[in-house]
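*Asks:* Numbering (our numbering), first residue to last: -7 to 153. Here it is: the structure, laid out below.
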């Protein structure tokens, strides 16, 4: 069973995960949209209470890859199965059936920062690098995600002949 799980992890790792650089680039569009909506909320823009997307597991893994979720210090390969018992990239846990992701924008009155963001993956709090105890300072997060959003380029798939 573990070998079959690893085989599927390898498939997603290279087809829509961190195994190929293009996967991060393809997943950046949802980050760009999230940054756009949260930036408008920050300046009291006329934003809806919620923005919802429904998608396929492959798009979810592209998005999670762009967010830097479940990175491994060592890439998954066909030859290092025995060394990967404690890997972060486990597709059955990242995008199980009915997977979901939520990003919550908080307005804070009694805090050192006016705005905070929390993330949830499959209803569980998600820790993002640079965030303390799963709570992200919006100013810092906007810098990090804004850099990803700014480099989103639809031309990534075009080739010159």
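In this text, a Cβ means the ideal position worked out from N, Cα and C, and glycines have one as well.
(1) Could you check the C-alpha separation between residue 111 and residue 67 for me, to the nearest Å?
(2) From the DSSP output, in three-state form, read off residue 129 for me.
(3) Output the boundary residues of the alpha helix (DSSP H) element that contains residue 3.
(4) Determine the extent of the alpha helix (DSSP H) in which residue 24 is found, giving its start and end residues.
(5) Have a look at 121, 58, 142 and 84 and flag the residue whose alpha-carbon is nearest the alpha-carbon of residue -1.
(6) Apply the 10 Å Cβ neighbour rule to residue 153 and answer buried if 16 or more other Cβ atoms are within range, or exposed otherwise.
(7) Below 8 Å between beta carbons: does that hold for residue 131 and residue 105?
(8) For residue 116, which option in 95, 99 and 129 has the closest C-alpha, if you only look at C-alpha atoms?
*Replies:* A quick look at the data gives this:
(1) Numbered from 1 along the chain shown, position 119 holds the residue referred to as residue 111. Numbered from 1 along the chain shown, position 75 holds the residue referred to as residue 67. CA-to-CA, the gap between residue 111 and residue 67 works out to about 25 Å.
(2) Against the chain shown, residue 129 aligns to sequence position 137. Under the three-state reduction of DSSP output, residue 129 falls in the strand class.
(3) Sequence index remark: in the chain shown, residue 3 carries index 11 (1-based). Run containing residue 3: -6 to 7, per the alpha helix (DSSP H) assignment.
(4) Working through the chain shown from its first residue, we reach residue 24 at position 32. Per DSSP, the continuous alpha helix (DSSP H) segment holding residue 24 begins and ends at 13 to 34.
(5) What you label residue -1 is simply residue 7 of the chain shown in a count that begins at 1. Residue 84 is the option with its Cα nearest to residue -1.
(6) Along the chain shown, read from residue 1 onward, the residue named residue 153 stands at position 161. No answer about residue 153 holds up, because its pLDDT of 43 lies below 50 and its placement is not dependable.
(7) Taking the first residue of the chain shown as position 1, residue 131 is located at position 139. Taking the first residue of the chain shown as position 1, residue 105 is located at position 113. A contact, by the Cβ cut-off of 8 Å.
(8) Indexing the chain shown from 1 puts residue 116 at position 124. Among 95, 99 and 129, the Cα nearest to that of residue 116 is on 95.
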